[in-house]
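Structure first, then comments.
Number of protein chains: 2
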Amino acid sequence: MNGFSISDASRSAMAPDQSNCTRCRAAPFCIPARTGQDAPHPPVLSRRIRVARDTRLFQAGDLVGERFYAIYYGTIKYTFTTASNHEKIGAFLMSGDLLALDAIGFRRHHGTAVALEDSEVCEIRYDCMQSRPMLLHGMISKQIAREQITAHWLRNSGAGQRLAAFLLDMSWRHYRRGYSAQRFRLAMSRQDIANFLALSPECLSRELAQFRQDGLLEVEEREITLRDAARLRQLATDSSPAAVPVHPQV
Amino acid sequence: MNGFSISDASRSAMAPDQSNCTRCRAAPFCIPARTGQDAPHPPVLSRRIRVARDTRLFQAGDLVGERFYAIYYGTIKYTFTTASNHEKIGAFLMSGDLLALDAIGFRRHHGTAVALEDSEVCEIRYDCMQSRPMLLHGMISKQIAREQITAHWLRNSGAGQRLAAFLLDMSWRHYRRGYSAQRFRLAMSRQDIANFLALSPECLSRELAQFRQDGLLEVEEREITLRDAARLRQLATDSSPAAVPVHPQV
DNA sequence: CGCCGCATTGATGTGACTCAAGGTGCGTGG
DNA sequence: CCACGCACCTTGAGTCACATCAATGCGGCG
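Chains as they are written, first to last, in the numbering used here: chain A, 4 to 253; chain B, 4 to 253.
Laid out in structure tokens, this is it:
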């Protein structure tokens with residue numbers, strides 16, 4: 004379908020230089036590490052896996068094997084293929100985000116995970132988590148809430164609303180990870196954003212131009228600089244039947 | 004906002020006539036009961052709660068209290084209130100469906116649960132589930148997958164597509180519970196459906212009329228009779244960037 | 001260079017929302 | 001019993017937003 008096909012990750016495992024997350028430099032923004040910070044033993048990660056840009060970590064139909072993943076660094080795109088053979092993007096995952104929690108109860112994966120840039124993910128053995136049920140349940144429950152919130156604002160009526168919400172979401176997620184909330188680089192293409200927001204790429208481009216023209220932000224390629232986050236938030240919130248990313252938690 | 008306000012459930016607890024689900028008549032279609040059917044001990048339910056029509060089981064902000072619910076019978080509407088004070092429907096829950104799993108990791112509920120008809124829910128104490136982690140994790144993971152699938156087809160582009168997908172979903176869920184897949188009664192109003200599908204009530208009405216005119220189904224009030232499910236499925240699947248409820252599981 | 005993928009911009013059509021006006025069934029009270 | 005009010009649903013006409021089609025500019029790469 005595309006000019007070049009996406010290959011599978013080489014799955015080169017790195018030596019797990021730490022058996023827990025206490026010394027992990029990603030811990031401050033990693034959900035498993037954070038959730039477990041009150042617990043005596045942070046979760047055990049079995050290994051870290053390199054996933055080069057445009058390679059798959061797993062794809063729909065792969066056997067699950069009792070493990071899930073936390074993004075160490077990079078960006079992962081989680082996609083589903085529809086009955087009419089179209090790719091639909093379910094989520095963009097950044098460092099600390101959890102991947103494949105939805106597969107725990109199943110033998111095979113539902114979706115495909117592709118790296119948008121060179122990335123690394125921590126593989127977490129599900130059975131290692133059994134001994135810390137509260138930790139796992141907290142993570143998993145937050146994941147459900149997260150899905151709901153996203154699904155929520157993704158149903159915002161207007162194109163501008165959805166885009167504004169998306170940008171605020173990205174801003175927040177960068178901020179949470181210690182980066183600037185004003186200026187950040189999008190790891191994904193316009194097409195991917197359009198796909199995720201259920202817009203045509205043209206419409207996305209126009210809305211972005213509109214925002215720029217209104218002094219809400221500046222755009223250089225994939226580099227975004229927010230100029231008026233307050234008004235952006237109002238845009239996302241306002242109008243009639245709208246929702247906005249709340250981010251009360253995690 | 005409405006002519007009359009929704010009151011809280013009286014929370015009249017029924018005597019838990021069974022301490023497990025083996026003798027529950029809802030077990031065949033109940034997720035906890037089904038998921039645990041291979042386990043030696045089905046999950047313990049602490050009590051069953053009557054929720055009269057138009058009363059709340061809980062609302063956003065309520066303290067959670069380490070429990071979640073499985074619908075015993077009836078229909079529950081799970082809603083969120085947006086920043087602009089509009090109600091958005093997150094899900095319609097039927098017998099066997101799980102409610103408030105998303106709240107386990109939090110102190111307070113995010114959404115509000117209202118009964119659309121006289122209903123009963125089984126209250127499940129979270130700590131009772133700790134001893135059967137596989138069971139709980141299976142349920143909870145399936146819940147995530149469910150959210151994803153729903154969010155998926157809810158982003159279908161066309162009004163007709165979303166409506167078709169919704170009707171097929173309802174049909175399937177009735178079928179799974181031992182009722183007719185062809186003929187079923189919708190527990191929710193047109194407004195609620197429109198809200199859930201992110202459509203105007205007028206548009207919903209028109210699409211429904213169109214379907215009827217095309218011989219896809221018959222409509223009498225809230226009674227739906229599917230006449231051509233195959234074509235309905237094609238409608239939901241076809242077109243460009245569309246998804247359709249798959250229902251491979253549970 | 002010339003190709004290709006990506007992003008933007010313009011012109012045009014259409015699908016869904018909005019506003020507004022009838023029905024229809026139901027409960028209430030005369 | 002009927003009149004009435006009140007949700008709820010439907011139908012119609014007009015408008016706007018987004019998709020579609022098409023053309024152009026830009027950058028990387030063979």
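Ideal placement from N, C-alpha and C gives every residue a C-beta, glycine not left out.
Everything numeric in this text was worked out from a predicted model, so none of it was measured.
Status (buried if at least 16 other CB within 10 Å, exposed otherwise) for E150/A: E150/A comes out buried.
Min CB distance S122/B to chain A below 9 Å: Answer no: the Cβ-Cβ gap between S122/B and chain A never drops below 9 Å.
Cα-Cα separation, M132/A to E126/A: When rounded, the distance between both Cα atoms is 12 Å.
Short CB-CB distance (under 9 Å) between L157/B and chain A: Cβ-Cβ to chain A under 9 Å: yes for L157/B.
Beta-carbon proximity check, Y76/A vs L102/A, cutoff 9 Å: At the C-beta level, Y76/A and L102/A stay beyond 9 Å of one another.
Beta-carbon proximity check, E120/A vs I52/A, cutoff 9 Å: In this structure, E120/A lies away from I52/A, with their beta-carbon atoms at least 9 Å apart.
Contacts that T240/B makes with chain A (C-beta to C-beta distance below 9 Å): T85, A86 and S87, listed in chain order.
Cβ of M97/A within 9 Å of any chain B Cβ: Chain B, which has no Cβ nearer than 9 Å to the Cβ of M97/A, makes this no.
DSSP state of C125/B mapped onto helix, strand, coil: In the three-state reduction of the DSSP assignment, C125/B falls in the strand class, which pools E and B.
Within chain A, the residues that S160/B reaches when beta carbons sit closer than 8 Å: Result: A201.
The region 200 to 207 of chain A contacting the region 158 to 172 of chain A, beta-carbon criterion three pairs below 8 Å: Yes, they touch.
Closer than 9 Å to chain A by CB, D105/B: For D105/B, the answer is yes, since a Cβ of chain A falls inside 9 Å of its Cβ.
Per-residue burial, D130/B [other beta carbons within 10 Å of its own, 16 or more giving buried]: It is exposed - the Cβ of D130/B has fewer than 16 other Cβ atoms within 10 Å.
Spatial distance of I9/A from D57/A (CA atoms): Spanning the two alpha carbons is a distance of roughly 6 Å.
Between the CA atoms of E224/B and D231/B - distance to the nearest angstrom: Rounded to whole angstroms, D231/B and E224/B show a C-alpha spacing of 19 Å.
Sub-9 Å separation of R64/A and R26/A beta-carbons: Just to set this straight, residue 64/A is Gly in the shown sequence, not Arg. No, they are not a contact pair.
Among T153/A, N88/A, Y182/A and L229/A, nearest to L200/A - alpha-carbon criterion: Nearest option by C-alpha distance: T153/A.
Distance between L220/A and Q146/B (C-alpha atoms, nearest Å): Taking the straight line from one Cα to the other gives about 37 Å.
Same chain, Cβ closer than 6 Å to L202/B, neighbours up to 5 away in sequence not counted: So the list reads A162, once near-sequence residues are dropped.
Where the beta strand (DSSP E) containing T240/A begins and where it ends: Note, T240/A: premise wrong, no beta strand (DSSP E); alpha helix (DSSP H) at A232 to T240.
Residue-chain proximity (M191/A, chain B), Cβ-Cβ < 9 Å: It does not; no Cβ of chain B falls within 9 Å.
Cutoff 9 Å: A233/A Cβ touching any chain B Cβ: Proximity of A233/A to chain B, defined by a Cβ-Cβ separation below 9 Å, is not satisfied.
Backbone secondary structure at D100/B - three-state DSSP: If DSSP states are grouped into helix, strand and coil, D100/B belongs with coil.
Listed by chain order, chain B residues near A148/A by CB distance under 9 Å: The answer, in chain order, is D105, A106, G108, F109 and H113.
Contact check, E107/A vs N198/A, beta carbons under 9 Å: The amino acid at residue 107/A is misidentified as Glu; the sequence shows Ile. If you check the CB distance, I107/A and N198/A do not come in under 9 Å.
Residue closest to G181/A, alpha-carbon to alpha-carbon, out of D105/A, A212/A, S98/A and L66/A: Of the listed residues, the one whose Cα sits closest to G181/A is S98/A.
Between the CA atoms of D217/B and S144/A - distance to the nearest angstrom: For S144/A and D217/B, the distance between alpha carbons rounds to 43 Å.
Backbone CA spacing between F83/A and L189/A [nearest angstrom]: Distance between the alpha carbons of F83/A and L189/A is about 21 Å.
Simplified DSSP state of Y182/A, which is helix, strand or coil: Y182/A: coil per DSSP, three-state reduction.
Beta-bridge partners of F187/A, as assigned by DSSP: Beta-bridge partners of F187/A (DSSP): I227/A.
Candidates V222/A, M191/A, I196/A and W175/A, of which the one nearest A233/A by Cα: Closest option to A233/A, Cα to Cα, is W175/A.
Chain A within 9 Å of M173/B, Cβ atoms only: Not closer than 9 Å to any Cβ of chain A, the Cβ of M173/B fails to qualify, so no.
Residue span of the beta strand (DSSP E) that contains R59/B, given as start and end: Where R59/B is concerned, the enclosing beta strand (DSSP E) stretches over T58 to F61.
Pairwise C-alpha distance: R50/A and P31/B: Cα atoms of P31/B and R50/A: separation of roughly 40 Å, rounded to the nearest angstrom.
Exposure label - L211/B; buried when at least 16 CB within 10 Å: Buried is the call here.
Under 8 Å by beta carbon: chain B residues contacting G64/A: Under the 8 Å cutoff, chain B gives no residues; its nearest Cβ is about 11 Å from G64/A.
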